[in-house]
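Each step along the sequence shown adds one to the number in numbering that gives the first Met the number 0, with nothing skipped, and position 181 is 180.
Below: the structure, in structure tokens.
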Amino acid sequence: MEEGSRERRTLRSLLVTGGAGFIGSNFIHYLFKQGDFKGKVVNVDKLTYAGNLENLEEIDKTYGQEGQKRYFFRQADVCDFKTIEEIFIQHDIDTVVHFAAESHVDRSIHGPTDFILTNIIGTFTLLEITRKHWIDKGRSGVLFHHISTDEVYGSLEKDDEYFYENTPYDPHSPYSASKASSDHLVNAYHHTYGLPITLSNCSNNYGPYQFPEKLIPLMILNAVDGKKLPIYGDGMNVRDWLYVEDHCAAIYTVLRYGRTGETYNIGGENEQPNINVVRKICETLEELYPIAANRFIQPSANIQNYNDLITFVKDRPGHDWRYAINCDKIKEELGWKPSISFEEGLKKTIQWYLDNRQWIDNVRSGEYKKWIEKNYGER
Ligand code: NAD
Ligand code: TYD
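Right, dumping it as structure tokens:
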């Protein structure tokens with residue numbers, strides 16, 4: 000596709016990295032629901048603690064079997080040039096959707112090494128493979144789409160302007176610094192080698208299949224179990240929340256219509272201080288699963304209201320104050336906009352966690368690793 004073109008791209012053979020994680024698995028579900036998607040998906044995931052093939056059980060049953068073969072899974076590290084190159088050749092990949100990353104800020108504070116390896120070296124490895132197989136061979140109709148975060152832009156004060164696509168990068172945590180570095184590499188491959196790329200920087204996602212270490216699933220699960228809801232600092236830090244399916248729709252739009260070389264900001268237009276998010280979770284939970292009916296909370300615990308579980312704890316070091324993203328560009332240029340309100344998204348998310356206790360227990364106990372060996376041992 001030409002520079003700046005808005006012709007619709009056909010997606011034939013997609014390499015989705017990190018497809019067993021939260022957003023990647025939601026994206027694969029989303030893709031196979033689209034009637035106009037006729038291509039195949041090769042999901043490459045290292046299956047770290049955050050990767051869970053149980054998220055894709057239905058997809059594998061439907062599209063991963065002989066006769067229907069449009070979904071493939073390979074357990075591999077994006078830093079492993081040889082294996083990824085072999086997959087690239089075997090499947091004649093024409094589109095890379097790069098989700099794979101270490102993604103949790105708190106973990107990056109405790110141990111940044113994996114963030115540097117996966118987020119920077121992993122992205123560099125994928126870029127080198129695409130350079131060798133697409134650029135050096137003069138391939139056309141190809142695209143490298145890089146999934147990034149609004150955290151690369153730094154932190155805003157209460158009355159500061161939004162993050163725009165041209166806001167200078169100012170990352171603060173090892174996580175956001177590693178993502179910023181990968182974004183720069185992706186842009187550099189476009190400018191230097193002409194690699195057709197698009198990049199999207201998204202705000203905080205929530206929804207089904209999110210590993211319960213991030214704010215929203217952690218609070219839902221703790222509340223259901225009658226455990227404390229730990230809020231960092233005074234709870235006034237602000238995030239912009241987007242329902243994961245809206246993010247998936249935005250990515251699908253960029254893959255088909257995005258202008259090569261461009262960055263698109265994606266956001267929920269839904270800024271909330273953390274304390275409000277947690278209070279809304281408590282309120283919604285009371286509606287969907289009243290304390291009186293909660294079989295995990297004993298009457299002797301003397302909890303009248305989920306809000307009673309809120310507790311303020313020591314702040315995260317270097318805690319970014321506020322993220323707020325302007326997504327006018329993707330709205331005006333490509334016609335995408337967030338479609339699911341926070342109330343609706345939160346309700347769907349809480350209901351999903353209430354309905355999927357087994358998934359939660361497996362994730363928490365590490366049982367899902369055994370499940371992988373049992374079901375995918377031969378791959
Ligand atoms: P996640 O942690 O749930 O999933 C990451 C996936 O990548 C896991 O399946 C993991 O096994 C895999 N992975 C990790 N290291 C790997 C490696 N070396 N090789 C292959 N696979 C590896 O993360 P997520 O929340 O789904 O985020 C996906 C992407 O979206 C990330 O790039 C993240 O920076 C970005 N993002 C996330 C959010 C959010 O709110 N979650 C917001 C904006 C952007
Ligand atoms: P998180 O979900 O880790 O996403 P990010 O740090 O990438 O924005 O955290 C969202 C916000 O919630 C952030 O301001 C930190 C805060 N937070 C808490 O107050 N308590 C918690 O237990 C967690 C995990 C996060």
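Backbone N, C-alpha and C fix where the C-beta goes; we use that ideal spot for every residue, glycine too.
**Report entry** For His97 and Ile120, the rounded distance between their alpha carbons
**Finding:** 13 angstroms
Report task. Going by DSSP, name the residue or residues bridged to His97. Result -> Thr16, His145
Query raised in the report: By Cβ distance, which residues of its chain are closer than 7 angstroms to Met0, with the 5 residues on each side in sequence left out?
Result: Caution applies to Met0, whose pLDDT of 45 falls short of 50 and renders its modelled position unreliable; the value that the coordinates give is listed next. Around Met0: Glu6, Arg8, Gly140, Pro195, Thr259.
Requested in this report: Note down, in chain order, each residue of its chain lying with its Cβ closer than 6 angstroms to the Cβ of Pro211, except the 5 sequence neighbours on either side.
Outcome: Leu217, Leu220
**Report entry** Ile359 versus Asp79: straight-line alpha-carbon distance, rounded
**Finding:** 30 angstroms
Query - Completely contained alpha helix (DSSP H) runs for the stretch 261-338, where each covers 4 or more residues - result: 273-287, 327-333
Requested in this report: Alpha carbon to alpha carbon, how far is Asp44 from Gly17? Give it in angstroms, no decimals.
Outcome: 5 angstroms
Query raised in the report: By how many angstroms is the C-alpha of Thr191 removed from the C-alpha of Thr348?
Result: 42 angstroms
Query - Distance CB(Trp320)-CB(Pro207) smaller than 7 angstroms - result: no
Query raised in the report: At a cut-off of 6 angstroms, is Ser102 close to the ligand NAD when judged by its beta-carbon and the heavy atoms of the ligand?
Result: yes
Requested in this report: Just the C-alpha distance for Gly23 and Asp105, rounded to the nearest angstrom, thanks.
Outcome: 21 angstroms
Query - Three-state class that DSSP yields for Glu2 in the structure shown - result: Low confidence applies to Glu2: its pLDDT is 47, below 50, so where it sits in the model is not reliable enough to give any reading.
Query raised in the report: For Thr117, does the three-state DSSP call read helix, strand or coil?
Result: helix
Report task. Answer yes or no: the CB of Gly20 versus the heavy atoms of the ligand NAD, is any distance below 6 angstroms? Result -> yes
Query raised in the report: Which one or two residues does DSSP pair with Asn204 in a beta bridge?
Result: Leu241
Query raised in the report: Would Leu55 be called buried (16 or more neighbouring beta carbons within 10 Å of its own) or exposed?
Result: buried
**Report entry** C-beta contact flag for Tyr163 and Asn361 at 7 angstroms
**Finding:** no
Query - Bounding residues of the beta strand (DSSP E) (the contiguous stretch that carries Lys136) - result: No beta strand (DSSP E) holds Lys136; DSSP gives it neither H nor E.
Query raised in the report: DSSP on Leu228, reduced to helix/strand/coil?
Result: strand
Query raised in the report: For the ligand TYD, is there a heavy atom less than 6 angstroms away from the beta-carbon of Tyr152?
Result: no
Query raised in the report: Should Glu156 go down as buried or exposed, given a rule of 16 or more other Cβ atoms within 10 Å for buried?
Result: exposed
Query raised in the report: So does the stretch 224-240 actually touch the stretch 289-309, counting three or more Cβ pairs closer than 8 angstroms?
Result: yes
Report task. Pick out whichever of His145, His109, Asp233 has its Cα sitting closest to the Cα of Leu198. Result -> His145
Query raised in the report: Taking the alpha helix (DSSP H) that Asp381 falls in, what are its first and last residues?
Result: With the chain represented from 0 up to 378, any question about residue 381 goes unanswered, as that position is not in the structure.
Requested in this report: Just confirm the distance between the C-beta atoms of Asp182 and Val151, as a whole number of angstroms; I'd bet it's less than 8 angstroms.
Outcome: 6 angstroms
Query - Cβ neighbour criterion (16 or more within 10 Å) applied to Glu342 - result: exposed
Query raised in the report: With a CB to CB cut of under 8 angstroms and the five nearest residues on each side skipped, what residues in its chain are close to Val276?
Result: Leu214, Ile215, Met218, Arg238, Trp240
Query raised in the report: Does the Cβ of Phe341 lie closer than 6 angstroms to at least one heavy atom of the ligand NAD?
Result: no
Query - Opening and closing residue of the beta strand (DSSP E) in which Asp44 lies - result: 39-44
Query raised in the report: Is the beta carbon of Asp76 within less than 6 angstroms of some heavy atom of the ligand NAD?
Result: yes
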